[in-house]
Amino acid sequence: MIKFEKEFIEYLMSRHKAVKIDTACSYLSYLRRVDKQLYGINFHTEVTCLDDIKNLVLGLRATGMPERSINNCDVAMRAYLNFIDVVINSEKLFPEESNIYVEGTTVSVKVNRFERNLKARVACIGHHGVTCKVCDINFNYTYGRIGTGFIHVHHVKPLSEINQEYIVDPVNDLVPVCPNCHSMLHRKTPPYTILELKKIMAK
133 MIKFEKEFIE YLMSRHKAVK IDTACSYLSY LRRVDKQLYG INFHTEVTCL
183 DDIKNLVLGL RATGMPERSI NNCDVAMRAY LNFIDVVINS EKLFPEESNI
233 YVEGTTVSVK VNRFERNLKA RVACIGHHGV TCKVCDINFN YTYGRIGTGF
283 IHVHHVKPLS EINQEYIVDP VNDLVPVCPN CHSMLHRKTP PYTILELKKI
333 MAK
């Protein structure tokens, strides 16, 4: 079973090494092929590390699938695992750190909130990456695989200052920051700007 198919496509098309829609859809096709060949794989819960993917690749070889197709399935599974780490798991751990495309103070903000948070987070990370804009920490470089994709997403303008719905620009309205810097940005109201906090750190 493949969850978050639409979000996975958007992720593939918005990350640094973006792919076109046809290629993104082919990733899904290969995931479905794995699911069919191995009689039902819940990629969201059963594929949590590279070792899981290696075991699935061994299973595919046992079915007699051509090696080229197996390699394509391997690439697709690795991309989906990274998507789960970067987007889905981070969103679940820190839902308040994400943004939505249409925000405001009305009740309608809550409708499909998770889906819209996901889109904004994907777009923000796709443009800015996952390196903190204040201190430059990259959790993948610092902690290895357990840090892959870990980052908070900060609202440049606090939602509390906005009295009506507005269209969020994930590139200009959102920035990736580490948890420490995110906390420091909010040590005053209104929050420090990215530049202000960088100057404080430089003293």
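Going by our numbering, the first residue of the sequence shown is number 133, and it counts up by one from there. Positions of the beta carbon are idealized from the N, C-alpha and C atoms, including for glycine.
Simplified DSSP state of residue i, which is helix, strand or coil
i	result
histidine 287	strand
valine 254	helix
valine 300	coil
valine 218	helix
glycine 281	coil
Residue i, enclosing alpha helix (DSSP H) - first and last residue
i	result
leucine 170	Unbroken run through leucine 170: none, as it is neither H nor E.
threonine 336	Not covered by the structure: residue 336. The range shown for the chain is 133 to 335.
arginine 193	182-194
Under 9 Å between C-beta atoms of residue i and residue j
i	j	result
lysine 251	glutamate 139	yes
valine 285	valine 303	no
valine 262	leucine 317	no
cysteine 264	valine 219	no
cysteine 313	leucine 327	no
leucine 213	threonine 177	no
methionine 209	asparagine 174	no
serine 201	arginine 165	yes
asparagine 270	glycine 279	yes
Span separating the alpha-carbon of residue i from that of residue j
i	j	result
serine 158	glutamate 142	13 Å
asparagine 203	isoleucine 216	20 Å
proline 323	histidine 287	10 Å
phenylalanine 282	valine 300	22 Å
Span of the beta strand (DSSP E) around residue i
i	result
valine 309	306-309
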